[in-house]
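J.: Position in the sequence shown (from 1) plus 63 gives the number in the numbering used here. Even for Gly, the Cβ is constructed at its ideal location relative to N, Cα and C. Values in this document were obtained by computation on a predicted structure and should not be read as measured data. There's a structure below that I have some questions on.
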Amino acid sequence: MINILTYDETTTDITPDEHAMTLEDGTELFYRAWIPREPVRKALVIFHRGHEHSGRLKDVVRDLRLRDVAIFAWDARGHGYSEGPRGYAPSFSCTARDADEFIRHISHTHGIQIEDMVVLGHSVGAVTVALWIHDYAPRVRAMVLVTPALRVKLYVPFAKTALRVMQSILGKRRMFVSSYVKGHLLTHDPEQARRYDEDPLISRRIAVNVLLDLQDAARRLIADAGAIQTPALVLAGGADWVVDLRDEREFFDRLGSRVKRMHVFEGMYHDILHEKDRRGVVNEIRVFVRGAFAREQAAQETNRDANEGAHTKDEYRRLSAPLAVFAPKRLMFAMQRAFMKSTGRLSDGIRLGWRRGFDSGSSLEYVYENRARGKMLIGKIIDRAYLNSVGWAGIRRRKVNIEKLLREAIERVNESGEPVRILDVATGQGRYVLDTLASLNCRKATALLRDYEQANVDAGNAIAARLGIQGVRFERADAFDEASYDSLDPRPNIAIVSGLFELFGDNALARRCLEGIANAIEEHGYIIYTGQPWHPQIEMIARVLTNRDGKPWVMRRRTQIELDDLVREAGFEKIKTRVDKRGIFSVSLARFVVRPSGGSS
Numbered sequence: 064m065i066n067i068l069t070y071d072e073t074t075t076d077i078t079p080d081e082h083a084m085t086l087e088d089g090t091e092l093f094y095r096a097w098i099p100r101e102p103v104r105k106a107l108v109i110f111h112r113g114h115e116h117s118g119r120l121k122d123v124v125r126d127l128r129l130r131d132v133a134i135f136a137w138d139a140r141g142h143g144y145s146e147g148p149r150g151y152a153p154s155f156s157c158t159a160r161d162a163d164e165f166i167r168h169i170s171h172t173h174g175i176q177i178e179d180m181v182v183l184g185h186s187v188g189a190v191t192v193a194l195w196i197h198d199y200a201p202r203v204r205a206m207v208l209v210t211p212a213l214r215v216k217l218y219v220p221f222a223k224t225a226l227r228v229m230q231s232i233l234g235k236r237r238m239f240v241s242s243y244v245k246g247h248l249l250t251h252d253p254e255q256a257r258r259y260d261e262d263p264l265i266s267r268r269i270a271v272n273v274l275l276d277l278q279d280a281a282r283r284l285i286a287d288a289g290a291i292q293t294p295a296l297v298l299a300g301g302a303d304w305v306v307d308l309r310d311e312r313e314f315f316d317r318l319g320s321r322v323k324r325m326h327v328f329e330g331m332y333h334d335i336l337h338e339k340d341r342r343g344v345v346n347e348i349r350v351f352v353r354g355a356f357a358r359e360q361a362a363q364e365t366n367r368d369a370n371e372g373a374h375t376k377d378e379y380r381r382l383s384a385p386l387a388v389f390a391p392k393r394l395m396f397a398m399q400r401a402f403m404k405s406t407g408r409l410s411d412g413i414r415l416g417w418r419r420g421f422d423s424g425s426s427l428e429y430v431y432e433n434r435a436r437g438k439m440l441i442g443k444i445i446d447r448a449y450l451n452s453v454g455w456a457g458i459r460r461r462k463v464n465i466e467k468l469l470r471e472a473i474e475r476v477n478e479s480g481e482p483v484r485i486l487d488v489a490t491g492q493g494r495y496v497l498d499t500l501a502s503l504n505c506r507k508a509t510a511l512l513r514d515y516e517q518a519n520v521d522a523g524n525a526i527a528a529r530l531g532i533q534g535v536r537f538e539r540a541d542a543f544d545e546a547s548y549d550s551l552d553p554r555p556n557i558a559i560v561s562g563l564f565e566l567f568g569d570n571a572l573a574r575r576c577l578e579g580i581a582n583a584i585e586e587h588g589y590i591i592y593t594g595q596p597w598h599p600q601i602e603m604i605a606r607v608l609t610n611r612d613g614k615p616w617v618m619r620r621r622t623q624i625e626l627d628d629l630v631r632e633a634g635f636e637k638i639k640t641r642v643d644k645r646g647i648f649s650v651s652l653a654r655f656v657v658r659p660s661g662g663s664s
């Protein structure tokens, strides 16, 4: 039952509707909705600060006076009335994924397009919003970040280092720390401070893994803020006891948004939404939100240069050029390379990488197997360290995410009554497809798995035979040869492009591949595509390791919005994205909606 709200200048409180949604992992989230009497097509979605809940935002909604805008606010998992252990999440990236599901639920349930939404996050909620926009590239109108917790001030010396040591010792065991923050450190308003201190729904503790993940996510966001193009308003308190203003400024300065504004409210504490003189804060938000809705389209649509990868093209060019002769980095990377080419060869994985290429299908198969091997004990120790590197851990997570979205695509095709026909254009040895088909026992499914290297084709055929999978055929083909897609009969209804585009710097090749797929795919078919929007070891890989051609393995990162735009150009509409914990690899599922002009019918 939806209650219709009425707004009145004399209203002192507004009673919202109360709703619930269930996340994919079964967790139930509670959220509040302030829906105007007249039908609306615009929404403001608010993400509360750490420890809090959506009930704390009622007066903020009232003061904003956005009478023609639907406003939604969640209780994050483990907060307020939402399910989950108090103050806990499996990871901070899990919270960003929750935000993606929440936004899509609002769009589907309440009939408001994501393109007609503005998102506002406060403190930890602001970092959630920024991480979601960076990793998932939603086409929202704008974002408002209120005192983003990009660096939380912990006044105990070496506190974060000690917490990391404890986490490494205790492993996956849940650990919590209690917040030192009291209401009088958040706001100068004594009534608001009292409300905070006495609110029984406020969780005073936070999980250690979430706190440390928050720090890691914040560092990544600051380093790669240029990838974010969404119009942004950043508001900060000049006397904030909780977060560091310097990091907020650095993040703002690096933002790739063409439309951006930052305002520091001198003398204000952390909770500027509930400060003593908050009219200026509320007015800044109201004016910015109104301006975002007044623009005809999101700024991303007009930021063509950024969408074409200017942010990461410069990085690719820099990594492709040799370092200066006496550069300290050159010596450091030369030492790493010398170690890996000598002692490192005791590891079976490193030795395979030097022989076949660290980006080869053989290397990926070795990484998927994840079993340390090498000469003597030292070789196995080196191999375990090699396999545990963040990049290879991300590759294994990418495989899991591909398999999840492939299962979803197969279920969608099965619901239509059509037989499943899979095409993988650069499959390597096809492990993720073969494992998925083996687990589902898909008798009606067929798969054509292509790769440029005959060695991968032969190895893939051997794996399929060993697993006893029928209906799978491997063949040698060039993913960038558009003519090679013309002969596909019957047409595939699921296509996969994994780990391909980051190997090439130019988008022309990516477009050629995607247009070939679009011309071949069945009507309303699906595409699964992967990206590499971030990699903390990208320079080490380029300076130390070699690819399958024996050349430096220089990868071209693409921001998620650039990748999504390429896929959208080809006629596909994204359904969802999955990202690993560190944000290194993304996997997305999209549905074909428009055949490109000039394409075959």
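Any idea what DSSP makes of L264, helix, strand or coil?
T.: Taking the sequence shown and counting its residues from 1, the one referred to as residue 264 is at position 201. Note: L264 maps to coil in three-state DSSP.
J.: Contact check, S186 vs H326 under 8 Å by CB: the rounded distance?
T.: Numbered from its first residue, the sequence shown carries residue 186 at position 123. Numbered from its first residue, the sequence shown carries residue 326 at position 263. Rounded, the Cβ-Cβ distance is 16 Å, inconsistent with contact.
J.: Grab the span of the beta strand (DSSP E) containing M180 for me, first residue to last.
T.: In the sequence shown, counting from the first residue as 1, residue 180 sits at position 117. Looking at the DSSP string, the run of the beta strand (DSSP E) that includes M180 is 180-185.
J.: For the candidate residues A281, E338, R309, V244, whose alpha-carbon lies nearest to that of P253?
T.: Position 190 of the sequence shown holds residue 253. Per the Cα distances, E338.
J.: Among residues of its own chain, excluding the 5 on either side of R447, which ones have a beta-carbon nearer than 8 Å to its beta-carbon?
T.: Position 384 of the sequence shown, counted from the first residue, corresponds to residue 447. Taking C-beta separations shorter than 8 Å and ignoring five residues to either side along the sequence, the partners of R447 in its chain run A435, following chain order.
J.: Comparing alpha-carbon positions, which option in Q595, A384, I604, T293 lies nearest V182?
T.: Here residue 182 is taken as the residue at index 119 of the sequence shown, counted from 1. V182 has its Cα closest to that of T293, out of Q595, A384, I604, T293.
J.: Going by the beta-carbon positions, is the gap between E636 and R654 smaller than 8 Å?
T.: Taking the sequence shown and counting its residues from 1, one reaches residue 636 at position 573. Taking the sequence shown and counting its residues from 1, one reaches residue 654 at position 591. Yes, Cβ-Cβ distance for E636 and R654 is below 8 Å.
J.: Skipping 5 residues on each side, what residues in its chain have a beta carbon closer than 6 Å to that of M84?
T.: Position 21 of the sequence shown holds residue 84. Only residues of its own chain outside the window of five on either side were considered, and among them L92, H168 have a CB closer than 6 Å to the CB of M84, listed in chain order.
J.: Whole angstroms are fine: how far does the CA of R575 sit from the CA of G568?
T.: Here residue 568 refers to the residue found at position 505 when the sequence shown is read from its first residue. Here residue 575 refers to the residue found at position 512 when the sequence shown is read from its first residue. Between G568 and R575, the alpha-carbon positions lie close to 13 Å from each other.
J.: With R317 as the anchor, note down where its beta strand (DSSP E) starts and where it stops.
T.: Start at 1 with the first residue of the sequence shown, and residue 317 comes out as number 254. First-last for R317: 308-317, but that is the alpha helix (DSSP H), not the beta strand (DSSP E).
J.: How big is the Cα-Cα spacing for M395 and L450?
T.: Your numbering for residue 395 matches position 332 in the sequence shown. Your numbering for residue 450 matches position 387 in the sequence shown. Spanning the two alpha carbons is a distance of roughly 21 Å.
J.: Going by C-alpha distance, which of N570, W97, A571 is nearest G118?
T.: Indexing the sequence shown from 1 puts residue 118 at position 55. Selected option, being the one with the closest Cα: W97.
J.: Helix, strand or coil, according to DSSP, for K639 in the structure here?
T.: By 1-based counting over the sequence shown, the position of residue 639 is 576. DSSP places K639 in strand when its eight states are reduced to three.
J.: Unbroken beta strand (DSSP E) runs of length 3 or more, entirely within the segment 544-625: which are they?
T.: 557-560, 589-594
J.: Give me, in chain order, the residues of the same chain whose beta-carbon lies closer than 6 Å to that of K639; leave out the 5 immediate sequence neighbours on both sides.
T.: In the sequence shown, counting from the first residue as 1, residue 639 sits at position 576. Excluding positions up to five away in sequence, the list reads L652.
J.: Is the CB-CB distance between A159 and W137 below 8 Å?
T.: Start at 1 with the first residue of the sequence shown, and residue 159 comes out as number 96. Start at 1 with the first residue of the sequence shown, and residue 137 comes out as number 74. In this structure, W137 does not lie closer than 8 Å to A159 by Cβ.
J.: Could you work out which residue in D552, I532, K404 is closest to R414 when comparing CA atoms only?
T.: Taking the first residue of the sequence shown as position 1, residue 414 is located at position 351. Ranking D552, I532, K404 by CA distance to the CA of R414 puts K404 first.
J.: Cα separation between T499 and E101?
T.: Counted from its first residue, the sequence shown places residue 499 at position 436. Counted from its first residue, the sequence shown places residue 101 at position 38. Answer to the nearest angstrom: the Cα atoms are 48 Å apart.
J.: Under 8 Å by Cβ, that's how I've got I591 and I559 pegged, so tell me the actual separation to the nearest angstrom.
T.: Along the sequence shown, one-based indexing puts residue 591 at 528. Along the sequence shown, one-based indexing puts residue 559 at 496. Rounded, the Cβ-Cβ distance is 5 Å, consistent with contact.
J.: Please report the distance separating the alpha-carbon of F564 from that of G594.
T.: Numbered from 1 along the sequence shown, position 501 holds the residue referred to as residue 564. Numbered from 1 along the sequence shown, position 531 holds the residue referred to as residue 594. Approximately 7 Å, taken between the alpha carbons.
J.: Cutting at 6 Å between CB atoms, please list the residues of its own chain near E146, excluding the five before and the five after it.
T.: The residue given as residue 146 occupies position 83 in the sequence shown. The answer, listed in chain order, is T90, E91.
J.: Check whether the Cβ atoms of D307 and I285 lie closer than 8 Å to each other.
T.: Taking the sequence shown and counting its residues from 1, the one referred to as residue 307 is at position 244. Taking the sequence shown and counting its residues from 1, the one referred to as residue 285 is at position 222. No.
J.: With C-beta atoms as the reference, is I473 less than 8 Å away from I557?
T.: On the sequence shown, residue 473 is found 410 positions in, with the first residue counted as 1. On the sequence shown, residue 557 is found 494 positions in, with the first residue counted as 1. Yes, these two residues count as a Cβ contact at 8 Å.
J.: Spatial neighbours of Y431 within its chain, please: C-beta separation below 7 Å, excluding the five flanking residues on both sides.
T.: By 1-based counting over the sequence shown, the position of residue 431 is 368. Here the set comprises R459, K462, R494.
J.: Where in the segment 118-197 do unbroken runs of the alpha helix (DSSP H), each at least 4 residues long, occur, reported from the N-terminal end onward?
T.: Every alpha helix (DSSP H) stretch that sits fully inside the segment 118-197 and reaches 4 residues is listed by chain position as 121-127, 155-173.
J.: Which two residues bound the contiguous beta strand (DSSP E) that contains M84?
T.: For this step, residue 84 is matched to residue 21 along the sequence shown. First-last of the beta strand (DSSP E) with M84: 80-85.
J.: Would the segment 203-210 count as touching the segment 251-268 if we require 3 or more Cβ pairs under 8 Å?
T.: No, they do not touch.
J.: With a threshold of 8 Å between beta carbons, is V297 in contact with chain C?
T.: In the structure shown, chain C cannot be found, because there is only a single protein chain.
J.: Which residue comes first and which comes last in the alpha helix (DSSP H) that contains G412?
T.: In the sequence shown, counting from the first residue as 1, residue 412 sits at position 349. That run of the alpha helix (DSSP H) goes 411-419.
J.: Hey, how far is the Cα of R645 from the Cα of C157?
T.: Along the sequence shown, one-based indexing puts residue 645 at 582. Along the sequence shown, one-based indexing puts residue 157 at 94. Approximately 11 Å between the Cα atoms of the pair.
J.: Would you kindly work out how many angstroms separate the C-alpha atoms of Q517 and R539, rounded to a whole number?
T.: Looking up residue 517 in the sequence shown gives position 454. Looking up residue 539 in the sequence shown gives position 476. Roughly 6 Å between the two C-alpha positions.
J.: How do the segment 237-253 and the segment 269-283 stand: do at least 3 beta-carbon pairs fall below 8 Å, yes or no?
T.: The segment 237-253 vs the segment 269-283: in contact.
J.: Identify, in the order they occur along the chain, each residue of the same chain with its Cβ nearer than 8 Å to the Cβ of V439, setting aside the five sequence neighbours on each side.
T.: Here residue 439 refers to the residue found at position 376 when the sequence shown is read from its first residue. Note that residue 439 is Met in the sequence shown here, rather than Val. So the list reads L409, once near-sequence residues are dropped.
J.: Under the rule that 16 or more other beta-carbon atoms within 10 Å means buried, what is D303, buried or exposed?
T.: As a first step, residue 303 must be located in the sequence shown, where it is residue number 240. That one is buried.
J.: For A527, does the count of other Cβ atoms within 10 angstroms reach 16, so buried, or fall short, so exposed?
T.: The count along the sequence shown starts at 1 and reaches residue 527 at position 464. Burial call: buried.
J.: Taking only three categories from DSSP, how would you classify T499?
T.: Walking along the sequence shown from the start, residue 499 turns up at place 436. Here T499 sits in helix by DSSP.
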